[in-house]
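The structure appears right after this line, and notes come after that.
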Ligand code: ADP
């Protein structure tokens, strides 16, 4: 293999740049030419593909977002769109592709694999919702962003003796809420994977209040429902002054943590090795702190599972 390309797709995540850097530099180390595809699968269809050199990925390891930009592309879901993408790669003699993105992007990657382009996925999403890997690139940074925000909210919550409902990202996966909630001692954590009971939340709040707690934090993953509605119900049931903060897109940005930079560097480098070994249709993963590769279709046969032992531990520790 003499030429490969790399793209980022779907929701951006801190650490994607570190992964791009690793792909480019590892390829160059093996004397393989490497191209950057701009704007994800849309750029692939349109031929927005440019050569990368050592300098193109200089000074990006610490930056959030993605220098290759990201996009969502409906046309790529069609066979015609996929054929156009394949033709763009073939016209340039590009034989392998690294796709950095989330589960949707991996489904796209599989389509290219089925059409004869060797393709490797690198999991990059703040949600940590990709099956087959313990962590995705960007998750650790997002959790750290959330706990920094909650620490600040806690200061003002204590001063005013308020209850705060904090809504975080996670439509289908409660990982951000769970990790941030455990790390920050939230009184209750609401995740899409577990039904919640308002009576229980109210009882925990009242019990805390009786033993002199000055504030309470309730963490809600967006997939559970609106933080505003939940706060309204809690206020009505307890009479406590209850405020809401929706953290939104600040969770997507920021400089990646050391963990995410290291993870991205290890994963990006292995993706290149896999292509050079002739592998395709596989994704890089971290399992028990070892960087491994798994077949995308096999990984996706199982749904992503949140670690419920952490959920139960958080309940015990925040009593
Ligand atoms: P993420 O990768 O973060 O989950 P999306 O689900 O939006 O983000 O997927 C990103 C892009 O991947 C889509 O805009 C589309 O171009 C491509 N994609 C998603 N699902 C498929 C599919 N089933 N077949 C082909 N391409 C897909």
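Numbering (full-length UniProt numbering), first residue to last: 1 to 319.
A virtual CB, placed ideally from N, CA and C, is assigned to each residue, including glycine.
Annotated as distal: residue 282 and residue 291, with beta-carbon spacing of 8 Å or more.
The set of residues with CB atoms less than 5 Å from any heavy atom of the ligand ADP reads, in chain order, 9, 10, 11, 41, 72, 73, 76, 77, 101, 102, 103, 104, 105, 107, 108 and 111. Judged by DSSP in its simplified three-state form, residue 166 adopts strand. Runs of alpha helix (DSSP H) with 4 or more residues, each lying fully within the segment 94-167, are found at 103-114 and 139-160, listed in chain order. Of the residues 226, 94, 26 and 157, the one whose Cα lies closest to the Cα of residue 267 is 26.
Within a 10 Å sphere around the beta-carbon of residue 287 sit fewer than 16 other beta-carbons, which makes this residue exposed.
Between residue 170 and residue 223, the C-beta gap is smaller than 8 Å, which places the two residues in contact.
Shown here for residue 34: same chain residues with a beta carbon closer than 8 Å to its own, the five before and five after excluded, namely 3, 4, 5, 6, 23, 24, 27, 28, 51 and 52 in chain order.
Cβ atoms of residue 264 and residue 133 stay farther apart than 8 Å, at about 13 Å. Straight-line measurement puts the Cα of residue 189 at about 9 Å from the Cα of residue 174.
Within the DSSP bridge table, the entry for residue 293 names 284 as partners. Residue environment for residue 271: buried (at least 16 other C-beta atoms within 10 angstroms of its C-beta). Setting aside the 5 residues that flank it on each side, residue 254 is surrounded in the same chain by 14, 64, 141 and 145, each with a C-beta closer than 7 Å to its C-beta; the list follows chain order. Within its own chain, no residue has a Cβ closer than 6 Å to the Cβ of residue 206 once the five positions on either side in sequence are excluded.
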